[in-house]
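In what follows, a single structure is set out as structure tokens and then discussed.
2 protein chains.
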Amino acid sequence: KNILETKPVVYRQIAVPQPGAKEYCTDSGLVVPSISYELHKRLLSVAERYGLSLERRLEMTGVCASQMALTLLGGPNRLTPKNVHQRPTVALLCGPHVQGAQGISCARHLANHEVEVILFLPNFVKMLDAVSSEITLYTKTEGKHVSSAKELPDSPVDLIINCLDCHEDTFLMDHPWYQAAVDWANQNRAPVLSLDPPVSGQGHAVEAKWTLSLGLPLPLSEGVGRVYLCDIGVPQQVFQEVGIKYHSPFGCKFVVPLHSA
Amino acid sequence: KNILETKPVVYRQIAVPQPGAKEYCTDSGLVVPSISYELHKRLLSVAERYGLSLERRLEMTGVCASQMALTLLGGPNRLTPKNVHQRPTVALLCGPHVQGAQGISCARHLANHEVEVILFLPNFVKMLDAVSSEITLYTKTEGKHVSSAKELPDSPVDLIINCLDCHEDTFLMDHPWYQAAVDWANQNRAPVLSLDPPVSGQGHAVEAKWTLSLGLPLPLSEGVGRVYLCDIGVPQQVFQEVGIKYHSPFGCKFVVPLHSA
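In order, the protein sequences belong to chains A and B.
With this note's numbering applied, the first sequence corresponds to residues 1 to 261, in that order.
With this note's numbering applied, the second sequence corresponds to residues 262 to 522, in that order.
Take a look at the structure:
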């Protein structure tokens, strides 16, 4: 008789206050429900209250998103000392908001890893603090920074990372710089990774091959491609405090693929 | 005739102002020279001036150190939904300094990944801000916090992460709490990962199986075990500014093993 009692595996380890929206599952079958943008925002603001500052989150998101991008670019086969003359090129398209700041952090970590980085961020007279401080750090890398879509390369890049859309400002799309960046992305043949895109029905002017959602997924539209989830370091009791019963779906990883359940 | 001209591989891509000290190399043969503690400190302080704050560095170090620890613990084989009743246990021994704060950040990320975490940090009347804010965040996880070595478990844990030593205060070792934690670690049979230990001849009261150095390695003593290097996000021009000619030795990774050259 086996003395190790095997408990049945519980696949529903995350329970949200308003279920019924879109659900995903991980490779190992754990159910990951989506949450509304409002709840997601509340989760981050409670986390901030305990010290998980925007700055920390930007750093962690930049590290994990760049790790995902490095894998998509071919990982160890592509980035070896013997391959210095074939370094991959990544274009990051960033708007003047937190999503853009996340993109700039990712751009810095990619440039730190000797990827050829071209960062598109239009010039603004007044910039969000989080965006300016990311830019200050980014300019200390060898990465390029362009403020006009005309300066983006004519030839296909290896990967486009789209951080143009913000969760709150739907008027962004009316700006000429936004449309110019979208047109460039749609003409370039490179696959697109969308970083923290807004909920279904908003943004998404660029079709993505992959999407990286942060913490817990929002209900996303079909155009976002294959969805991945990124750990952003929110402790369990913070989830509890906003009414989410939570166990990590990440296992030993910080980025995991999700499937439509 | 091959039209792709193959450039010779350059293995010495990092040059430091005062060479001659210990050198390491990566798996692919890139040479990674060690730097003095004074130069390491200057590197971090220039990086801070451009916005790579201690807070950011703590977050990145915590993420990367926990990724290494999760691999050491058995990675995907150990942390699956089917293994919830066999979760690994990690004890982190932390002093009241930046090295301790790095350990607490690592502890939080491990606890976030459902590892059983026991954090040892003695009680102090006045604590470094960086340490207090890490503790505030850590207490929102399910991880345990003990302030006396007597509360540490009698049975062997799966991994000990040693963050007791600081680079500047050699009097630490005279404190009873320090000695009690060292005695516990030396009696417990668990393998030890040393996080950011000081240079040769200082600290190291606990023999390590692995050591994780940050940014560029210090000249370390023999008792540190196998040395790994952790990317901490310092951009290239910051290295330049302190007189280091630098190209990333990390390839697509954020933690790489080093070998004595």
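For glycine and all other residues, C-beta sits at the position ideal for the given N, C-alpha and C.
Owing to the predicted nature of the structure, the values given are computational and were not obtained by experimental measurement.
Counting other Cβ atoms within 10 Å of its Cβ, Q187 (chain A) stays below 16 and is therefore classed as exposed. In the DSSP annotation of this structure, the continuous segment of the beta strand (DSSP E) that includes A352 (chain B) starts and ends at T350 to C355. Interface residue (Cβ-Cβ distance to chain B less than 7 Å): F250 (chain A) is classified as such. Contacts with chain A (Cβ-Cβ distance below 8 Å) from the region 364 to 384 of chain B involve R369, H370, A372, N373, H374 and E375, listed in chain order.
Of the residues assessed, H358 (chain B) falls on the buried side of the cut-off, its CB having 16 or more other CB atoms within 10 angstroms.
Between the region 245 to 252 of chain A and the region 487 to 499 of chain B, the count of Cβ pairs shorter than 8 Å is below three; the stretches do not touch. Between the beta-carbon of V242 (chain A) and that of L110 (chain A) there is about 32 Å, and that puts the pair past the 8 Å contact cut. DSSP places P518 (chain B) in the uninterrupted beta strand (DSSP E) bounded by V516 to P518. Chain A has a Cβ within less than 7 Å of the Cβ of R317 (chain B).
A residue is called buried once 16 or more other Cβ atoms fall within 10 Å of its Cβ, and K506 (chain B), having fewer, is exposed. In the structure shown, L44 (chain A) falls within a helical segment according to DSSP collapsed to helix, strand and coil. For K302 (chain B), no Cβ of chain A is located within less than 7 Å of the residue's own Cβ. With respect to the C-alpha of F124 (chain A), the residue from A:T61, A:V192, A:K41 and A:W177 having the closest C-alpha is A:W177. Look at the beta carbons and you see the region 199 to 219 of chain A touching the region 153 to 168 of chain A: at least three pairs across the two are nearer than 8 Å.
For M60 (chain A), the nearest beta carbon of chain B is closer than 7 Å to its own beta carbon.
Cα atoms of H113 (chain A) and P88 (chain A): separation of roughly 11 Å, rounded to the nearest angstrom.
The secondary-structure analysis by DSSP pairs A276 (chain B) across a beta bridge with B:K506. Residue pairing by DSSP puts K405 (chain B) in a beta bridge opposite B:I379. Below the 8 Å Cβ cutoff, chain B contributes E316 as neighbours of S53 (chain A), in chain order.
For E142 (chain A), at least one C-beta of chain B is nearer than 7 Å to its own C-beta.
Bounds of any beta strand (DSSP E) do not take in I396 (chain B); it lies within the alpha helix (DSSP H) bounded by D390 to Y399. Neighbours of T80 (chain A) in chain B, taken as residues at a C-beta separation under 7 Å, are given in chain order as S289 and G512.
The Cβ atoms of S295 (chain B) and P458 (chain B) lie no closer than 7 Å to each other. Within chain B, the C-beta atoms nearer than 9 Å to that of D231 (chain A) come from V324, H370, N373 and H374, in chain order. Distance check between I160 (chain A) and each of A:A190, A:V256 and A:T26 places A:A190 closest, using alpha-carbon atoms only. Taking 8 Å as the cut-off between beta carbons, the residues of the region 470 to 494 of chain B near chain A are D492 and G494, in sequence order.
Secondary-structure assignment with DSSP links C491 (chain B) through a beta bridge to B:L475 and B:V516. Where S194 (chain A) is concerned, there is no enclosing alpha helix (DSSP H), although the beta strand (DSSP E) around it starts and stops at V192 to L195. Cα atoms of A261 (chain A) and L519 (chain B): separation of roughly 43 Å, rounded to the nearest angstrom.
Note that the C-beta distance between L137 (chain A) and R108 (chain A) is below 7 Å. With contacts defined as CB atoms closer than 7 Å, P417 (chain B) and K140 (chain A) fail to qualify as a contacting pair.
B:A362 is the residue among B:A362, B:I379 and B:E429 whose C-alpha sits nearest the C-alpha of I396 (chain B).
Looking at the backbone, the Cα of V345 (chain B) and that of S28 (chain A) are separated by about 13 Å. About 5 Å separates the beta carbon of E320 (chain B) from that of M60 (chain A), a gap short enough to meet the 8 Å contact definition. Here P81 (chain A) is not near L477 (chain B), since their CB atoms are 7 Å or more apart. Distances from the alpha-carbon of D183 (chain A) to those of A:T211, A:K150, A:L195 and A:S194 put A:K150 closest.
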